[in-house]
Every structure is written in structure tokens, then in C-alpha cells.
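In this text, residue positions in the sequence shown follow my numbering: the first is 1, and each later residue adds one.
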Amino acid sequence: MSSFTVSTLARRYAKSAVIAQPADVRGWGLFAEAAFAAGEPLFWVDIHNRAHSHVLHQHEAFGECDPRSVTLLPQVAFCFTAEQPLYYVNHACDANSGFINWGSLEDGKLCFAAFRDIARGEQITADYSALTPKGDGSPHGDAWQMSCLCGQAVCRHLIEGFDRLAIGDQKRFALTESPPYGRVIAHILAESPRAVEDLCLAAPHHFRHYQAALAEQQALAAYFKARLG
Ligand SMILES: [Zn+2]
Numbered sequence: 001m002s003s004f005t006v007s008t009l010a011r012r013y014a015k016s017a018v019i020a021q022p023a024d025v026r027g028w029g030l031f032a033e034a035a036f037a038a039g040e041p042l043f044w045v046d047i048h049n050r051a052h053s054h055v056l057h058q059h060e061a062f063g064e065c066d067p068r069s070v071t072l073l074p075q076v077a078f079c080f081t082a083e084q085p086l087y088y089v090n091h092a093c094d095a096n097s098g099f100i101n102w103g104s105l106e107d108g109k110l111c112f113a114a115f116r117d118i119a120r121g122e123q124i125t126a127d128y129s130a131l132t133p134k135g136d137g138s139p140h141g142d143a144w145q146m147s148c149l150c151g152q153a154v155c156r157h158l159i160e161g162f163d164r165l166a167i168g169d170q171k172r173f174a175l176t177e178s179p180p181y182g183r184v185i186a187h188i189l190a191e192s193p194r195a196v197e198d199l200c201l202a203a204p205h206h207f208r209h210y211q212a213a214l215a216e217q218q219a220l221a222a223y224f225k226a227r228l229g
């Protein structure tokens, strides 16, 4: 029997077996309502769904938006609402989930998947470093930083953007030995040339997928920027 209990204060999602509810010192969190196998999608992020996010230039996604925005495209931030499960995903230094396939789109959606097997009731976590490009700390382009409360043995304590990770940590996302692959958004990896070079040399097949995802993200960013003016 699972000891997983659902709080009376909870938010369910029609299309995903995940639930948001009060977690711990970090406030609310997102939890698995079923077991998931490594690589299995937990939920999808539809970049065109205006009920789930509104789109801003990266340098405008501060203030109220700051804690719930992710720069999914180059210089283009998505400020999520509670309608989108990603809104509730807390950071962990040994995260069990995240975006896969370099953040490439399937039918306009990014897949947020389990990195390893997840038990029913387990909190779903992502490594915020894999979601954070350079200059995401202020409207002026300062580096982003956050103190970590994950309590894991591998905790880095001070969490920073992907470009500031040690190369060994960058390779955990870019050069994983087993699926799912592409655990960092392509345009964020692109800011770390050494990790890109290592990917190109060690895994040419995955490197080509990364390049295709990057081109897609650059084209989409141009589309959104033109609409934002
Ligand atoms: Zn930590």
C-alpha cells in the first residue's frame, strides 16, 4: 500500500496523472498520482495555450512573473499560470524529471518527462539550472542565483544558470548515457560551447537532434518577438 495521501487542498489536471498540493518548506509542489517509467511524459507544455502562459521578452519577465517564468525560447519567456502543472514544479539538485529532446516541439508542445522511474506519491522535481539561460537574473542581464533547500546529498546550495554549472554537471544533462536524451533546452546548452563540443564529438547523432531543436527555437523566438514588438 502506498502511504501517499492527497491533501484536501489540491489541484488536479485532466490530462495528466499529476497533482499539485502543499509540499514542504518550498510551499506547494507537484506530485505523481501514478507510477511513471523513465522517459514517460508527465505532462506537456503547449507554447500557444494562452490560458497556460503569457509570453514576454526575457528582460520583461520579472516582478510578479519572476518566480513562474521560464525562458523556453531564446530571449522569450513564458510566464505560467496555475493551469499548467509546470507552475508547481520545485527545484531539486538530483531532479527526477525535466524537459527532454532538447526542448523540441511535438505538435507545438514540449514534453516534460520522468528522468528515472517515479513512484506514485513522489514529488516531481526539475533542476532549474537546466531551465535557466545566461542573464536571467534581472532585467539588466545579471546572472540568476537561488539558494537551494532540496536537502539532497548532491545539493549545490547555490543554484545558478546552466552556463555556470561545472562541465561534469552540464554533461549530466547533455550527454546522458541512457534515455531520455536531451535533458537541457537547446538554446540554453548553446551558451556552453565546451559542452556543445563534447556532445558533437561523443554523440554525433544526438548533436544533430540538438542542432535541429536549436534552429526550431531560434525560428519560434523570431516569430514571438515579431508579435511582441
Ligand atoms: Zn539542492
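For every residue, glycine included, the Cβ atom is placed at its ideal position computed from N, Cα and C. This one's a predicted model, so the numbers in the text were calculated from it and none came from an experiment.
Less than 8 Å between the CB atoms is what I'm expecting for residue i and residue j, so what's the real figure, rounded?
{"i": "residue 113", "j": "residue 41", "result": "5 Å"}
{"i": "residue 31", "j": "residue 21", "result": "6 Å"}
{"i": "residue 162", "j": "residue 186", "result": "Not a contact, Cβ separation roughly 11 Å."}
{"i": "residue 220", "j": "residue 73", "result": "5 Å"}
{"i": "residue 18", "j": "residue 124", "result": "6 Å"}
For residue i, count neighbouring C-beta atoms within 10 Å of its own C-beta (all shown protein chains included) and say buried if the count is 16 or more, exposed if not.
{"i": "residue 215", "result": "exposed"}
{"i": "residue 149", "result": "exposed"}
{"i": "residue 196", "result": "buried"}
{"i": "residue 104", "result": "buried"}
{"i": "residue 188", "result": "buried"}
{"i": "residue 98", "result": "buried"}
{"i": "residue 85", "result": "buried"}
{"i": "residue 1", "result": "Only weak support is given to the placement of residue 1: the predicted model assigns it a pLDDT of 46, under 50, and the value that follows is read from those uncertain coordinates. Looking at its Cβ environment, which holds fewer than 16 other Cβ atoms inside 10 Å, residue 1 is exposed."}
{"i": "residue 173", "result": "buried"}
{"i": "residue 136", "result": "buried"}
Following a CB-centred definition, is residue i positioned closer than 7 Å to any heavy atom of ligand 1?
{"i": "residue 84", "result": "no"}
{"i": "residue 92", "result": "yes"}
{"i": "residue 172", "result": "no"}
{"i": "residue 152", "result": "yes"}
{"i": "residue 148", "result": "yes"}
{"i": "residue 79", "result": "no"}
{"i": "residue 65", "result": "no"}
{"i": "residue 208", "result": "no"}
{"i": "residue 200", "result": "no"}
{"i": "residue 227", "result": "no"}
{"i": "residue 194", "result": "no"}
{"i": "residue 156", "result": "yes"}
Using a Cβ-based criterion (distance less than 7 Å to any ligand heavy atom), does residue i qualify as near ligand 2?
{"i": "residue 164", "result": "Judged by which ligands are present, ligand 2 is missing from the structure shown, whose ligands are ligand 1."}
Under a three-way DSSP split, which group does residue i fall into?
{"i": "residue 101", "result": "helix"}
{"i": "residue 53", "result": "strand"}
{"i": "residue 129", "result": "helix"}
{"i": "residue 91", "result": "strand"}
{"i": "residue 179", "result": "coil"}
{"i": "residue 234", "result": "Within the shown structure, residues of the chain are numbered from 1 to 229, placing residue 234 beyond reach of any answer."}
{"i": "residue 173", "result": "helix"}
{"i": "residue 1", "result": "Any reading at residue 1 needs caution, since the residue's pLDDT is 46, under 50, leaving its predicted position unreliable; the model's value is listed next. Residue 1 falls in the coil class under three-state DSSP."}
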